[in-house]
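All remarks here apply to the structure that follows.
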Amino acid sequence: MKQYNKLVRDKIPEIMRNNGAIPVIRKLQNHEYIKELNKKLQEELQEYLNDENIEELADLEEVILAILDYRGITSEQFNQIREEKVSKRGAFKEKIYLERED
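Counting from 651, one number per residue, gives the positions in the sequence shown under the numbering used here.
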């Protein structure tokens with residue numbers, strides 16, 4: 651018996667069944683769901699930092715989209731917030747590294 655105790659993508663139980671496993675699952679309550687989404691965000695970020703694999707960035711974005719959906723924010727609204735921030739404070743394209751303030 652293998653323990654997971656974590657939020658998984660919607661099709662994972664079906665994939666496990668197709669591979670002969672018997673997944674034990676439950677639906678999370680809202681307060682549990684956001685907590686587990688935040689854990690998943692940290693997990694996916696750490697996986698990207700370890701591997702620098704673009705697939706991990708896709709996983710990270712999927713978690714971000716789920717958090718936005720939970721909070722009732724559309725991807726369009728989120729992108730508008732991001733664009734406003736870029737307009738006011740810039741992006742990271744110039745590779746500026748701030749060492750100190752004298």
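The C-beta atom is built at its ideal place from N, Cα and C for all residues, glycine as well.
Notebook entry, point to check: Is Leu699 closer than 8 Å to Leu710 when the C-beta atoms are compared?
Noted result: no
Notebook entry, point to check: Which class does Asn703 belong to by DSSP, given the choice of helix, strand or coil?
Noted result: coil
Next item on the list: Identify which residue in His681, Gln653, Lys689 and Leu657 has its Cα closest to the Cα of Ile672.
Entry: Gln653
Note to self: Between Glu706 and Glu697, how many whole angstroms is the CB-CB distance? I'm expecting something under 8 Å.
What the structure shows: 5 Å
Next item on the list: Give the secondary structure of Asp739 by DSSP, where H, G and I count as helix, E and B as strand, and everything else as coil.
Entry: The sequence as given places Arg at residue 739; Asp does not occur at that position. Of the three classes helix, strand and coil, the one that applies to Arg739 here is helix, per DSSP.
Next item on the list: Tell me whether the beta-carbon of Ile684 lies closer than 8 Å to the beta-carbon of Tyr720.
Entry: yes
Checklist line | Separation of Glu686 from Asn655, as counted between CA atoms | finding: 10 Å
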